[in-house]
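> One structure is given below, represented as structure tokens, and several questions about it will come after.
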Amino acid sequence: MDSEKQTQAVGKRPVQLQLKEGTLTASLSGEIDHHTAREIREEIDLVLMRVHPGHLVMDFADVQFMDSSGIGLILGRCKLMQVWQGKVSICHMPPKLERLISLAGLSELCEVQKEETKHENVE
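Residue numbers (the UniProt record's numbering): 1 to 123.
As structure tokens, this is what we get:
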């Protein structure tokens, strides 16, 4: 493991969860690849299954890189939210990642927002 990945592994968590008024916001950070996508998915799904919010917002403001694992992460949350008729939005998507989302067809499955308000942390 190189020193940059070690710093990310022991530093800031790749997802911070906030819940307010039926909306769960997942603020993502760092690199979303096959190493981190699983951890992010598990943390988000744990809260989704417990709370069943009507809306999941995935905030990509602090994401520097995303591969196909990130596409799978978004797609899986869309499918899970459909179970209880919830919706998924993605926001603060950097231009390169926004293009990837568009090419993958995910912009047709979830709303792409330009702005998002901050919510309370979920512990």
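Quick reminder that beta carbons are idealized off the backbone N, C-alpha and C, glycines included.
(1) State yes or no: is the C-beta of S29 within less than 8 Å of the C-beta of V57?
(2) With respect to the beta strand (DSSP E) encompassing Q113, which residues constitute its N-terminal and C-terminal limits?
(3) Give me the Cα-Cα distance between E39 and V15, rounded to the nearest whole angstrom.
(4) If you draw a straight line from the C-alpha of L109 to the C-alpha of G86, how long is it?
(5) Between which two residues does the alpha helix (DSSP H) harbouring H35 extend?
(6) Within 10 angstroms of the Cβ of T117, are there 16 or more other Cβ atoms? Answer buried if so, exposed if not.
(7) Just to confirm my understanding: we take V112, look at its own chain, exclude 5 residues before and 5 after, and list those with CB closer than 6 Å. What are they?
On the basis of the data shown:
(1) For the purposes of this step, residue 29 is identified with residue 29 of the sequence shown, where counting begins at 1. For the purposes of this step, residue 57 is identified with residue 57 of the sequence shown, where counting begins at 1. Not closer than 8 Å, so no.
(2) On the sequence shown, residue 113 is found 113 positions in, with the first residue counted as 1. E111 to Q113 is the extent of the beta strand (DSSP E) around Q113.
(3) Residue mapping note: residue 39 aligns to position 39 of the sequence shown, counting from 1. Residue mapping note: residue 15 aligns to position 15 of the sequence shown, counting from 1. Roughly 9 Å between the two C-alpha positions.
(4) What you label residue 109 is simply residue 109 of the sequence shown in a count that begins at 1. What you label residue 86 is simply residue 86 of the sequence shown in a count that begins at 1. If I take the Cα positions, the gap works out to 12 Å.
(5) As a first step, residue 35 is located in the sequence shown; it is residue number 35 there, counting from the start. Start and end: H34 to V51.
(6) In the sequence shown, the residue the question calls residue 117 occupies position 117. Note that T117 scores a pLDDT of 45, beneath 50, so its modelled location is shaky; the value from the coordinates is reported in the next line. So T117 counts as exposed.
(7) Position 112 of the sequence shown, counting from 1, holds the residue named residue 112. Result list for V112: I90, in chain order.
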